[in-house]
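Everything on this sheet refers to the single structure shown next.
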Amino acid sequence: MKIGPAQRTHDGDTTEIAVEVTSEAKPTGDRLWYRVERRHEPMLTDTMDPFLLAALFVAMRTGESLHAAGGVTATLLENLEEFQSAWLQWRPERYTRVEITADEELPDRPGPDDRSALQTFSGGADSAYTTIRHVSGAAGRGSLRLTGAVMVHGFDIPLEERGSYETLRDRSAPLLAGQGIELLPVTTNFRQLWHSDLSHWEDAFGTGMTSVLTLFSGRFRHGLIASSEPYGSLLLPWGSNPVTDWMMSGGRLRVHHDATGVDRNDKVAGLARLWPEGADNLRVCWQGEKKDRNCCRCEKCIRTILNFKVSGAAVPASFPLEVTPGHIRSLRGLSEAHINPLRQILTAAHARGTEEDWVAALADCVAANEDELARGVSYEGGFPLLATDTSR
């Protein structure tokens, strides 16, 4: 499999960076592209590191060696050997180790580390907590000089839903600017091209996020990916995790899996305390009809509402609809990745002596979904069902 060389083109205020990816399986090639605002072009890297990261799982699925037509940092090549070792342990039936080469192996960036950082930002609880954690210095000695946030169109918001993305982007830009962070919009066909299958996406989304972060390594030295699960309740394999995220670091950008020592209940409590405006503008939903807001009926919306409830913080304005015990009990089609964080909420509720009606409803929901998972029950489309309350 050969990637590149990278080509840049301009259309008005937009810069497109694209590569052709050819392989034995598809000699006519695939065209992978990223589009950024033209004013951000000076921040972009001149290495092939982003494209190598993007194509890695495709090569591992087909078993073809991977060659980049251009320069790749030697540090990334070394780290991806270990990255492959981990994923071959986790999914030996799905992936094959591949040789990775480049026209030129590049040294690490010279000069002192200025601690400059950017993050992935979706508007969700995890990414918003990472924002305020570093801006406020709550990350301690690990606090980075966070001044950039990439918001990607083409990941959880499909490419065809341009209006939803633009609404979210326009709402998030001033919110981040208030914390001294510039929003860096990116549109890419990475998911649509190679990872439309959910099982592939759940493995590869971390390489997609890191690919976008690394795209901006002409300006930034550190890239932050917000953790989704704490150390005490890790779910592996998963596309982004504290075991392998650092292995996607190259010689121009060091990747950090951020705040794994903080569970989501404590994250939302910290967010409500340190950045209430951020809490009031959260967008966690990916199943609702409108992707720029929270439907309050999907598993992720309900889970986040319960995170606020169990933490003792008020449910913010970003979740405008009431969630009843009936809604909670009706959730079905949950995978282990969905059940795991619900268990964390239930454990916290019991530890804190919370006796509200939603706790019993959540216990029933977890038990019912564990039973269905054990029996192999599945629902059309493979996604969780939206909640309904038939008792009302």
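All you need for the working numbering is the position in the sequence shown, starting with 1, plus 856. Backbone N, C-alpha and C define an ideal beta-carbon position, used for all residues, glycine too.
DSSP places Ser972 in the strand class (E or B) of the three-state scheme.
Residue pairing of Met1007 in beta bridges, as defined by DSSP: Pro1041. Secondary structure note for Gly926: its beta strand (DSSP E) is the uninterrupted segment Leu922 to Thr929. In the three-state reduction of the DSSP assignment, Ile956 falls in the strand class, which pools E and B. For the options Leu1229, His896 and Glu934, the alpha carbon positioned closest to that of Leu1039 is the one of His896. Cα atoms of Ser983 and Val1222: separation of roughly 26 Å, rounded to the nearest angstrom. For Ser1105, the number of other beta carbons within 10 angstroms of its own is at least 16, and it is reported as buried. The Cβ atoms of Val1140 and Thr1160 lie closer than 7 Å to each other. In this structure, the alpha-carbon of Thr986 lies about 10 Å from that of Ser992. Judged by pairs of C-beta atoms under 8 Å, the segment 1040 to 1058 touches the segment 889 to 905, as three or more such pairs exist. Contact between Ala910 and Thr1100 is ruled out by a C-beta separation of about 16 Å, above the 8 Å threshold. Between the alpha carbons of Thr878 and Ala1205 lies a distance of about 52 Å.
Counted as a single uninterrupted DSSP element, the stretch harbouring Gln1143 is not any beta strand (DSSP E), since DSSP gives it neither H nor E. At least 7 Å separates the beta-carbon of Gly1144 from that of Thr901.
Nearest Cα to Ile1013 within the set Asp1148, Asp1220, Leu1202 and Ser1174: Asp1148. With 16 or more other CB atoms across the displayed protein chains lying within 10 angstroms of its CB, Glu1085 is buried.
Apart from sequence neighbours up to five positions away, the residues of its chain that approach Ala1060 with a beta-carbon distance below 7 Å are Phe913, His1051 and Gly1095, ordered along the chain.
With fewer than three CB-CB distances shorter than 8 Å, the segment 1016 to 1032 does not count as touching the segment 1107 to 1126.
The three-state secondary structure of Ile1013, taken from DSSP, is coil.
Residue Asp970 holds the alpha-carbon nearest to the alpha-carbon of Leu1000 among Glu1016, Ser978, Asp970 and Leu1024. Taking one beta carbon from each stretch, the segment 918 to 936 and the segment 945 to 962 have 3 or more pairs nearer than 8 Å; the two touch.
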